[in-house]
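Letter 3 of the sequence shown, counting from 1, is numbered 3 in full-length UniProt numbering, and no numbers are missing.
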Amino acid sequence: MQASATNLFQALHRVAAPNAPVLRPGQMLSGSVKKLLPNNRATVSLGDKQVTAHLEASLTLGKKYLFQVQSTDEVIHLKMVSKQAGTQIEEMSELLKRLGMKATSENIRLLEQLITRNIPFRQSSLKQAAAILKNSPNAHHSLTALLHLFEKELPVRPAIVNALIARDQSQWTELLAKLEDSLLHKQSLSNTENNLLARITSMRGSGSADKGALTATLLHHVMNGNTQSFQVMKQAGVISEGTSFDRFQRLWLQWAVNQGIKLQSRESAASIQAKLMTQHLSGFPFDLTSETFSRGIMQLYQQQLSWNKTSHATLNQWMKALDALLDNPDRGVSSRLLQHQNHLEKQVFPKLFKHLPDIQAALQHFRETATLGKIPTNEQLSLLHQVRELVAATAGNQLSTEGRKTLTTFLHTLPTSPELSQRLLLQMKTTLQFAGLDDEASFLKQVLTNENIQGSQSLKSILLQAIQEQSVGKTQSERMQQLVHFLNGVQLTAHQENPQMAQMSLVFPGTLLKSRQDIHMNIEGRKNEEGGIDPEFCHVLFYLDLENLKETVIDMSIYDSKVGLTIYNHDPALLRTTANLQTELEAGLEKVGYQLTSLQIKKITETNKPSVYHGHFSERGVDYRI
């Protein structure tokens, strides 16, 4: 990013938050005495937080000190570490000596920044940070990473510092491209490297769809007893509802034998695909054809909705109330049904309208009748019954998280591509689902719930497997390790929250938009009932570096489903496109339940001063919508 665009993007997504550190015994931080109280007590200002503390020395009103937290009982006990907590070099040098550390320029800078920013630290952590700075090839980058690490109370470890530096200084787009290129030019690849290459090409959108890729995925699942492909194909209507997994597995394994394909236990999908390339494939089980598979999978994909658990539960309540109304029409039931409908018209129904356009008129007629306190007519009840069946069918087609991952994999094998907006959404989902940002959380969940431990096929897990192989050269191994550092950095900085608000900071390869620069996306807003970001009250930012428009920052504020959009760009000629753009945006947003209230296009300058957003944020619900 250029400096002006970088500063603008960071300023726009910086949510106002009080500088109120959580105090823990052993921590050191600067503070000033605001009021002296009897019995060696005082009101001490620590950042934006004022506490009543018990002091172990006489202090001067209004003066700054460096304190160490002794205990955090009913009364906080503070010990004075230094009589001065200024930021002069001499004061920093003296303080470092007191803490048993050398007064190097890097250590002075680190301590000065911690005190200036009111970031708590421990003496042991400060010494660990000093050791990292001493051995760092770039002290400036390491210092920036260490300050983030202290602020977020992350462990002071070289691996975490490397991850944060890679996240800040590297481009995902470039890292993937270089690694893909090195694998493509290698004479022979191991099974793990083949698997890695397949995962990279799918995430970059640079692979070509073919029948072999689909067949390899199916055989890989069948060999490992994974029922996901079976469940998705059944839900898509590609195979009949009465087919059992045993029969599905038996037919596919027999087909592989008939084709002369020798499968091995735990063989990767990439390795299976390499074997399929030497065969002329025919006579697929269940009379499966590319046309029927593509049609069923695309239809299932288009039926997937981005609702959360609360909306799903409300929809079930609405259907139960509708059943009661159909059985016994009266005003009370009609009123309850309307209450559920009011919520669903914001959260769910707009997403259904594009799939089931006929239900919109029926719901509107019912609303008009129920609002007047009347009982629906037989004709309206008949329409509502049809609506109930359509909505129930669509709700029943929603896939689990693992099912959606399999569906995403299938979509990459289709010979026909969806339209541009769907392709972009598909690639974003692929990145989120297969990067490996939740590998550790998934593994922990499996352990805690006593589930069978399943090896992840994410990009990060495959990279770690490949690094361990002796066939990987030094240069390639370093590229893989750099990509692992980057993924860890994205994972460490992806999510922030407090009791009221949450924030997601995401990065996507620029190949989504044929750009050589990464796409940055930030979502922030208040939490909903489930702890995620409320999609009706949130703030979404994009940073794009496009081939023709160059650097572009998109700032979208959503309040009660009303959207205010500001687009920042270096080229003022973009203003001439506003009229056509606004018409398309209004139509597109209306389809998914939002209303465009304003659209501004501004030039990126050094003096852009965006207003501070006082809102809330979450990933669920929003990424399907943008």
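Each residue gets a CB set at the ideal place from its N, CA and C atoms; glycine is no exception. In this text, all values refer to a predicted model and were calculated from it rather than measured experimentally.
Check                                                                                                                      : Outcome
Sequence-distant residues of its chain with Cβ nearer than 6 Å to A103 (five each side left out)                           : S93, L96
Candidates T192, W255, A145, of which the one nearest V222 by Cα                                                           : W255
Candidates I239, N194, S290, R41: closest to E267 by CA position                                                           : N194
M480: first and last residue of the uninterrupted alpha helix (DSSP H) it sits in                                          : 474-493
Opening and closing residue of the alpha helix (DSSP H) in which residue 630 lies                                          : Examination of residue 630 is not possible in this model, given that the chain is present from 1 through 626 alone.
Sequence ranges, beta strand (DSSP E) only - wholly within the segment 496-536, length at least 3                          : 501-508, 519-527
Closest Cα partner of A393 within the set A236, R199, G525                                                                 : A236
Counted within 10 angstroms of its Cβ, other Cβ atoms place A573 as buried (16 or more) or exposed                         : exposed
Contact set for E469: own chain, Cβ-Cβ below 7 Å, skip 5 residues either direction                                         : S190, T192
Contact check, P509 vs R41, beta carbons under 7 Å                                                                         : no
Cβ shell of S32 (< 6 Å), same chain only, five flanking positions each side left out                                       : S45, K64
Paired residues, beta bridge with residue 628 - DSSP                                                                       : Within the shown structure, residues of the chain are numbered from 1 to 626, placing residue 628 beyond reach of any answer.
Beta-carbon proximity list for Q482, same chain, < 8 Å, skipping 5 on both sides                                           : A166, S170, L175
T552 versus Q113: straight-line alpha-carbon distance, rounded                                                             : 32 Å
Minimum C-alpha distance to K262 - residue among L437, T566, H220, V484                                                    : H220
C-alpha distance - G532 paired with A502, whole-angstrom precision                                                         : 7 Å
CB of S294 within 7 Å of CB of L414, strictly                                                                              : yes
Separation of N162 from L27, as counted between CA atoms                                                                   : For the sequence presented, residue 27 should be read as Gln rather than Leu. Answer to the nearest angstrom: the Cα atoms are 24 Å apart.
Buried versus exposed, by CB contacts within 10 Å (16 or more), H280                                                       : exposed
Minimum length 4: unbroken alpha helix (DSSP H) runs contained in the segment 90-162                                       : 105-116, 123-134, 139-151
Exposure label - N107; buried when at least 16 CB within 10 Å                                                              : buried
Top-ranked residue by Cα proximity to L487, from A139, G260, T173                                                          : T173
Alpha-carbon spacing of V156 relative to Q500, whole angstroms                                                             : 28 Å
N-terminal and C-terminal residue of the beta strand (DSSP E) that G403 is part of                                         : G403 -> not in any beta strand (DSSP E); alpha helix (DSSP H) instead, spanning 401-411.
Beta-carbon contacts of R199 that lie in its chain and below 7 Å, excluding the five residues immediately before and after : F434, L459, I462
C-beta atoms of F537 and Y559 nearer than 7 Å                                                                              : yes
N224 to S442 span [Cα, whole Å]                                                                                            : 19 Å
The segment 68-79 in contact with the segment 52-60 per 3-pair CB rule at 8 Å                                              : yes
C-alpha gap between L437 and L184, whole angstroms                                                                         : 25 Å
Beta-carbon proximity of Q273 to A216, cut-off 7 Å                                                                         : yes
Beta-bridge pairing of T289 - partner residues as DSSP gives them                                                          : The partner list for T289 (beta bridge, DSSP) is empty, contrary to what the question assumes.
Bridge-paired residues (DSSP) for G26                                                                                      : Paired residue(s): none; G26 is not in a bridge.
Residue from L300, D181, V257, Q187 whose Cα sits closest to the Cα of Q231                                                : L300
Inter-residue spacing [alpha-carbon to alpha-carbon] between T292 and I239                                                 : 10 Å
Local conformation of K83 per DSSP, three classes                                                                          : coil
Span of the beta strand (DSSP E) around M277                                                                               : Element bounds for M277: n/a, residue is neither H nor E.
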